[in-house]
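**Student:** Residue numbers (my numbering), protein chains in the order written: chain A, 1 to 284; chain B, 1001 to 1441; chain C, 2001 to 2320.
Every residue, glycine too, gets a C-beta built ideally from N, C-alpha and C.
It should be emphasised that the depicted structure is a prediction, and the values quoted were computed from it without experimental measurement.
Provided herewith is a single structure, encoded as structure tokens, for subsequent inquiry.
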Amino acid sequence: MSTESVRSRRRVARSARRVVLNVIVWAAAFICLFPFLWMLSTALKPEANAITSNFFYGYHWAWGNFRQAWDFFPFGRFLINSLVMSIGDVLVVLVASTTAGYAFARLRFPGRDKLFGLYVATLLIPASATLVPLFLIAKTLHIYNTYFGLIFPLAFTAFGTFLMRQFFRTTPEELREAARLDGASELWIFLRVMLPLVRAGVAVLAVFTFIAMWGEFLWPLVATQNENLYTLNLGLSEIQGQYGSYWSYMMAGAAIAIVPTVVLVIALQKYLVKGLAFGAFGGR
Amino acid sequence: MRKATGYRSRSVRYGLGALAAAAAVLVAACGSGGSGGSNPTTSGNISWSFWVGSPGEAAVWKHNADLVPKTYPNLSVSLTTTSFTNYWTKLPIEASTHSMSCIAGLQYGYVGSVGNLFMPLNSLIKKYNYSLSPFESTMIKELSSHGNLLALPYDFGPVVVTYNKALFQAKGVPDPQPGWTWAQFVQDAKKLTGGGDYGYLPVTLGGTSLSLELAYDLSGTPDAYVQNGAFNVTNPAFVKGIQEQAELSYQDHVTPPYSTAPGWSSQEFDTGKVGMEVNGPWDLIDIKGQSSFPVGWVEFPAGPDGVHSYNEGSGFGITKDCKTPDAAFKALTVLVGQEALTYAGSQGRAFPARLAADSSWGTFAGSDTEAAITTALQKAEPQEVTTNWAQFQTALSKDTPLVLSGQISAQQYAQEVAAASGSGSGVSPGDLSSILPASGG
Amino acid sequence: MTSRTSVLESRSRAGLTGRPAPGRRPRRPNRDTRTAAGFLSFNLTGFTLFTLIPMALAIYVSFFNWPLQGGQTRFVGLHNYGSVLSSYGFWRIVLNVLYFVGAYVPLNLIVSLTLAALLGPRMRAVKGKAFLRVVFFLPVVTPLVASSLLWALIYNQNGIFNTVLGWFGLGPVPWLSSSDWSMPSIIIMSVWLGFGYNMILFVAGMTNIPDTMYDAASIDGAGPIRQFFRITLPLLSPLIFFGTLMTLITSFQVFTQAYILTNGGPGNSSTTLVLQLYDDAFQYFRLGDGSAIAVLLAFMILIVTGLMFILQRRLVHYEH
């Protein structure tokens, strides 16, 4: 067998492999995207009961359905509420986690490790276990049915503190010593020296938190009764009950709800992998 | 080791910016507090919460809400709607946090379980000399408990069978007539089934559970779930009423496969695939809105004791969280007034509880339908409800598909429902002589 | 680093460091307490109020007969636990959750690992990787209710799945209306929903594996598949462990898909523990029962997490 034929055989094998891999991946991508496309195609169908198998063809595209869904339900309101809740939570989580993470990582005080152990222990208790008590607490504090009640109760899990502590532990200790010797205040050290060093961690935590809060359904379901406070998820579940069998309007509504997240992912896709890469290894 | 210099301005901006934003969120959240309480102390706006199943229904109620300022210029009503099932979950949660709307809907069935959330209207009725004589008297009783009227009725109606005339014709089945029997019903259903079509929709009233009305009809026992004033479903009458219905599914196969998908039941009928369903005059608006075939209405087929059905309806009441009951009552009188109910009837949303407005529904429905409903009314009786009605309804629907498919027997089904519903007792209207017109009011 | 720090510390304690700032003494370690109190105050307040107290309260409420509205709360000891554990269908519900977890987690991992391998930094054969990563991540960030409504349409008796099956002559599947299919339907939808998260995580991990390891292996004659199993997987194992653990914990608490798609039905064939918790508390108005379920669920997750950590010692390869 000549080297030439071996080489060309290898080349064929390599391109065959390339084709196969691409087919698999792109098929998977199609499967992933298909439900969204199906949703769009149904949203454009003119009949109220739009359970047909036509995929974008065979019917006149009823763009008016989006108008209908938007008018009947206050989607703008729902969107704003979702944003307020998600961004609000990100801010609270960031403030709470960076300050506490720093304290546990770099400050010395009695009982520090025991307290942190308590934090870690709570990580093992599932969020759903605290649903009913949070409801009762929100009621007692009169923050039920308010933005405060939507945002704050979810923002104090130990996860953020744990993550930020990991990142802060990678910062050089002598930096703080040197800054203190220079006469810097603790707050200055934290804000101008420490925080910038853990920017990657802050970014990761922000992204994780936003995604988690955007998909949150159970707590808003329990914590709000006023339609003015409904998040996108809640508003959509109302559509399910009040639109009955109008599938095209329901899909139009769902499509409206999905647009912001699509925009978000496309805008942030650069940071996704990078941010998670840092988070994955705790900043090491 | 990185130097601190060079990051100074940026990190300060990030850090302080984050803190400032967090503070802003805090202040905004504390300050605005959403629109938490729905009972402002001004008499201007009255909040009203109600259930709807379609945009058409919502439009009817919004129209009626706008009638209020025409009579009382300093009052306005703002309506919040939710689905029928969610409504009964929301109301107790709102009650526990004192955030109920001023005016809220009350269906006869839930008088026992959420009636305690409503303000008795007796004193307001006397104060304003409001006459109850224009209303259908059984509805007044059905919306009362222990001598207190809890809501002013807006509609009532017998539960009947609605059927798809086009499908009947296509399958060569003659229209059902008053006086038909259960055996004829089953036969019709069998003839209608085939080729992707089915004879009967096994779940009732656009909901998800078997029909208590049919259970009465088929067992011959009224209120088979209450025995000696106490909630009890594990008795032969109730089991029989359930079993005969379930047999249509697992034995006669005349029902479409049950689905938990949202909107399934109304969709099945409205797309013309099912010949008959159990329904009431309040659904005319949705049936007309979503179907394209002529719909017939007929009283229940006769069971072992003749024809029996329930007369059901709902009203609007004032909740205990309302801080302006007088203003709310004024708005209420408009919402159940002649003009409002005539409108609701003319749209097919309600068979008005105000007898003088009844013709509006008939006009919309057509004389055949009106005649059918009037006949059926004669065979419809008030239904006794229980204090655990909300749990009872939830429990009824949970296991419905299992009994429909024959996976569990009707006896087991009754046991499940009993376990999930907890205990309860029957609700009686009590003594209403002080406000009812009959005793010289 | 540690030794350098302590040298600095001891030197500063002895006052022998370079330039003492005018008028300031080097602080002693235990003086951090006040600073720490300041830094911790925000978090600790919120943590106590919204995490610690609720956890204690959950256990407390579970010992009471606590109606949502109206009626009195009444201490009943372990009665709620008894009635929950002996309620018909409770063990079916536990089985549902175990079924879900047992099917969903492995499926999720297999799909996400496979696709991560195909989208990894060293996979030059595949084009358009950035676009693909976005596509696979889309379901993760879609509002859960929107996705569930979407899948309710797809799973409809006359929906697209059954239509396509019909083209191949296969009977319509009662996806959401049969006790046998309700759970698998939820599982399939959940995999679609969730794999993107782990996939991105694994891709990120792969970018941290130095090329040199693969180059060395190639020289030794190892093919790509062998490289994957001998290099990638072991080096990725801490990440896989983390991803599995997170996926496990969240899958035990599945709620939204079940609530929207089937509401736990038909019967209770797709009821999950959190769904039952919600029903007991907010549909049947029995907060005590809901809390009892919550506590039981927490125990289950604790046990599984413990098992995972034991497994970790055996299976996870940490670099040192």
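1. So, for L44 (chain A): in the same chain, excluding its five sequence neighbours on each side, which residues have a beta-carbon less than 6 Å away from its beta-carbon?
2. Counting along the chain, where does the beta strand (DSSP E) carrying M1100 (chain B) start and finish?
3. Cα separation between R9 (chain A) and R2124 (chain C)?
4. Could one say the Cβ of P1256 (chain B) lies closer than 9 Å to chain C's Cβ atoms, at least one of them?
5. Run down chain B in chain order and give the residues with a C-beta less than 8 Å from the C-beta of S2087 (chain C).
6. Taking the continuous beta strand (DSSP E) assigned at T1369 (chain B), which residues delimit it?
7. Starting from V1186 (chain B), follow the alpha helix (DSSP H) in both directions and report where the run begins and ends.
8. To be precise: take each residue of the region 233-259 of chain A, compare its Cβ to all Cβ atoms of chain C, and keep it if any distance is under 7 Å. Which residues remain?
9. Quick test of your reading: F75 (chain A) and I256 (chain A), contact by CB under 8 Å. State the CB separation rounded to the nearest angstrom.
10. How big is the Cα-Cα spacing for A96 (chain A) and L2235 (chain C)?
11. Just the Cα atoms here: how many angstroms apart are I2160 (chain C) and M251 (chain A)?
12. Hey, how far is the Cα of G1280 (chain B) from the Cα of N2156 (chain C)?
13. Inspect the beta-carbon positions of A1151 (chain B) and G1317 (chain B) and report whether they are closer than 9 Å.
14. With burial defined as no fewer than 16 other Cβ atoms inside 10 Å of the residue's Cβ, what is the status of K1442 (chain B): buried or exposed?
15. Roughly how many angstroms lie between the CA atoms of M1119 (chain B) and K1320 (chain B), to the nearest whole one?
16. Helix, strand or coil for V1173 (chain B) per DSSP?
17. Which word fits R2034 (chain C), buried or exposed, when buried means at least 16 other C-beta atoms lie within 10 angstroms of its C-beta?
18. Does DSSP put L1432 (chain B) in a helix, a strand or coil?
19. How about the region 2271-2288 of chain C and the region 151-171 of chain A: do they share at least three Cβ pairs that are nearer than 8 Å?
20. From the DSSP output, which residues share a beta bridge with E1381 (chain B)?
21. Output the boundary residues of the alpha helix (DSSP H) element that contains M2199 (chain C).
22. Along the chain, where does the alpha helix (DSSP H) that runs through P1236 (chain B) open and close?
23. Sort out for me which residues DSSP pairs S1078 (chain B) with in a bridge.
24. Name, going along the chain, the residues of the region 1079-1091 of chain B whose beta-carbon falls closer than 8 Å to a beta-carbon of chain F.
25. Taking C-beta to C-beta, are I125 (chain A) and A2298 (chain C) nearer than 9 Å?
26. Closer than 8 Å is the cut-off here; do at least three beta carbon pairs connect the region 199-208 of chain A with the region 179-191 of chain A?
27. If you drop the 5 nearest sequence neighbours on each side, which residues of the same chain put their C-beta closer than 7 Å to that of I143 (chain A)?
28. At a CB-CB cut-off below 7 Å, which residues of chain A make contact with E1094 (chain B)?
29. Take the Cβ of V19 (chain A) as the centre, count every other Cβ of all protein chains shown within 10 Å, and call the residue buried at 16 or more, exposed below.
30. Under 8 Å Cβ-Cβ, which residues of chain A neighbour I2053 (chain C)?
31. Does any residue of chain B bring its CB to less than 9 Å from the CB of F72 (chain A)?
32. Measure from the C-beta of Y2060 (chain C) to each C-beta in chain B and report whether the shortest distance is under 9 Å.
33. What first and last residue would you give for the beta strand (DSSP E) that runs through T140 (chain A)?
34. Closer than 9 Å by beta-carbon distance: list the chain C residues that pair up with T3 (chain A), in chain order.
35. Just checking: is the beta-carbon of Q68 (chain A) within a distance shorter than 9 Å of some beta-carbon in chain B?
36. How close, in whole Å, do the beta carbons of P153 (chain A) and L134 (chain A) come, if the pair is a contact with beta carbons under 8 Å?
**Tutor:** Taking the coordinates as given:
1. W61, A62, listed in sequence order.
2. For M1100 (chain B), there is no enclosing beta strand (DSSP E), as DSSP gives it neither H nor E.
3. Near 19 Å, if we compare the C-alpha coordinates of R2124 (chain C) and R9 (chain A).
4. Yes, P1256 (chain B) lies at the interface with chain C (some Cβ there is under 9 Å from its Cβ).
5. The contacting residues are A1419.
6. Note, T1369 (chain B): premise wrong, no beta strand (DSSP E); alpha helix (DSSP H) at 1367-1378.
7. 1182-1192 is the span of the alpha helix (DSSP H), which, as asked, contains V1186 (chain B).
8. Result list: N233, L236, S237, Q240, W247, M250, M251, A254, A257, I258.
9. In this structure, F75 (chain A) and I256 (chain A) form a Cβ contact; the two beta carbons are roughly 5 Å apart against a cut-off of 8 Å.
10. One C-alpha to the other measures close to 33 Å.
11. One C-alpha to the other measures close to 14 Å.
12. Rounded to whole angstroms, G1280 (chain B) to N2156 (chain C) spans 27 Å at the Cα level.
13. Yes, they are a contact pair.
14. The requested residue 1442 (chain B) does not occur in the structure, where chain B is confined to residues 1001 to 1441.
15. Those two C-alpha atoms are separated by around 5 Å.
16. In the structure shown, V1173 (chain B) sits in coil (DSSP, three-state: anything other than H, G, I, E or B).
17. Label assigned to R2034 (chain C): exposed.
18. In this structure, L1432 (chain B) counts as coil in the three-state DSSP scheme.
19. Touching, no.
20. Beta-bridge pairing links E1381 (chain B) to B:Y1310.
21. That run of the alpha helix (DSSP H) goes 2182-2207.
22. Run containing P1236 (chain B): 1236-1250, per the alpha helix (DSSP H) assignment.
23. For S1078 (chain B), which the question treats as bridged, DSSP gives the partners B:S1047.
24. Going by chain labels, chain F is absent from the structure shown, which instead holds the protein chains A, B and C.
25. When the beta-carbon positions are compared, I125 (chain A) and A2298 (chain C) come within less than 9 Å of each other.
26. No: fewer than three Cβ pairs fall under 8 Å.
27. If we look at I143 (chain A) and ignore the five residues flanking it on each side, its Cβ neighbours are G149.
28. Chain A residues near E1094 (chain B): Q225.
29. Classification of V19 (chain A): exposed, given that the 10 Å Cβ count is below 16.
30. Within 8 Å of the CB of I2053 (chain C), the CB atoms of chain A belong to P133, I137, in sequence order along the chain.
31. Judged by the 9 Å Cβ criterion, F72 (chain A) is in contact with chain B.
32. It does not; no Cβ of chain B falls within 9 Å.
33. In the DSSP annotation of this structure, T140 (chain A) is not part of any beta strand (DSSP E); the continuous alpha helix (DSSP H) holding it starts and ends at 131-140.
34. The premise fails here: T3 (chain A) is roughly 18 Å from chain C at the closest Cβ pair, so nothing lies under 9 Å.
35. The C-beta of Q68 (chain A) comes closer than 9 Å to at least one C-beta of chain B.
36. Between L134 (chain A) and P153 (chain A) the Cβ distance is about 5 Å, and since that is below 8 Å, they are a contact.
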